[in-house]
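Chemist: Residue numbers (this note's numbering): 5 to 206.
The beta-carbon is built from N, C-alpha and C at its ideal position, and this holds for glycine as well.
Remember, it's a predicted structure, so these values are computed and weren't measured experimentally.
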Amino acid sequence: MISDGNGGAYITWLEVHSDNVNHTEVYAQHIDANGNKKWDGFAGKMIAGIRPSQENNGHTDTSLYEAERTSLVLTSDNTGGVFVAWRQSKRSVEGVPFEDISNIKNIYIQHLTSDGVELFVEDGMPVAPFSTRQEIPKIVSDGDGGVFVAWNDDRNAGTTSGESINTDIYAQHISQSGSNMWGSTGKQVTSGSSKQLLNDIV
């Protein structure tokens, strides 16, 4: 939860899908200074998850769209809106159902106005799409309507017993309009023979 700068607050949460405990959906709500819910009433606004259009588009198996989402974070955009980021266990491609790639966990982000309008693509955009495991997302406003994102990344890591033995820290700068300013796969911040763990970004 963070302040909206006008006496209200933005609140985000993860909701476990009733039919599959491994599928989680991202929701958010904007509460004004008087305690009124501004987005979609009691249920809140879905940021990422199975949409009604996906349940009724000819696919009877909604598992095509299921994804495990964790590590939810949010920050103000300093213009009245909010950025929401999370780690997602499956990637989506425009017009194509989620790929079932359980060992790939990418960081996703969405930008919303104070009225709940999604400024990035539906279900969020990948911060640095890569066939890797990304963890511990941290985000902070760039002071100009955009956002900085940092995370742990195992793209250069060796493995033992299926677990990464070395992770590096990567970062991305995303503009207000959703452009990846530091290349499509982000910038490497640290490297070394040992595991680096991200603490925070300010």
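Expressed to the nearest angstrom, what Euclidean distance is found between the alpha-carbon atoms of V86 and W17?
Modeler: 14 Å
Chemist: Measure the alpha-carbon distance for Q180 versus N170 and round it to whole angstroms.
Modeler: 33 Å
Chemist: What is the DSSP secondary structure of F46, reduced to helix, strand or coil?
Modeler: When DSSP states are grouped into helix, strand and coil, F46 belongs to the helix group.
Chemist: What are the boundary residues of the beta strand (DSSP E) that D157 is part of?
Modeler: 151-157
Chemist: Figure out for me which residue from W90, N156, H177, G120 has the closest Cα to the Cα of G147.
Modeler: H177
Chemist: If I measure Cβ to Cβ from T4 and keep anything under 6 Å in the same chain, skipping five residues before and after, which residues do I get?
Modeler: The chain is shown from 5 up to 206; residue 4 falls before or after that span and cannot be answered.
Chemist: Compute the Euclidean distance between the alpha carbons of N38 and F46, then round it to the nearest angstrom.
Modeler: 16 Å
Chemist: Contact check, L76 vs Y14 under 8 Å by CB: the rounded distance?
Modeler: Rounded, the Cβ-Cβ distance is 12 Å, inconsistent with contact.
Chemist: Quick one: Cα of A52 to Cα of D119, how far?
Modeler: 17 Å
Chemist: Does DSSP put F87 in a helix, a strand or coil?
Modeler: strand
Chemist: Can you list, in chain order, the residues of its chain whose CB lies under 8 Å from that of S188, leaving out five sequence neighbours each side?
Modeler: A132, P133
Chemist: Would DSSP call T117 helix, strand or coil?
Modeler: Of the three classes helix, strand and coil, the one that applies to T117 here is coil, per DSSP.
Chemist: Across which residues does DSSP place A52 in a beta bridge pair?
Modeler: Paired residues: V30.
Chemist: Would you kindly work out how many angstroms separate the C-alpha atoms of V153 and V193, rounded to a whole number?
Modeler: 12 Å
Chemist: Give the DSSP-derived three-state secondary structure of N82 in the structure shown.
Modeler: coil
Chemist: Taking the C-alpha atoms as reference points, what is the distance between Y112 and V88?
Modeler: 8 Å
Chemist: Based on the DSSP secondary-structure assignment, which residues constitute the bridge partners of N110?
Modeler: Q92
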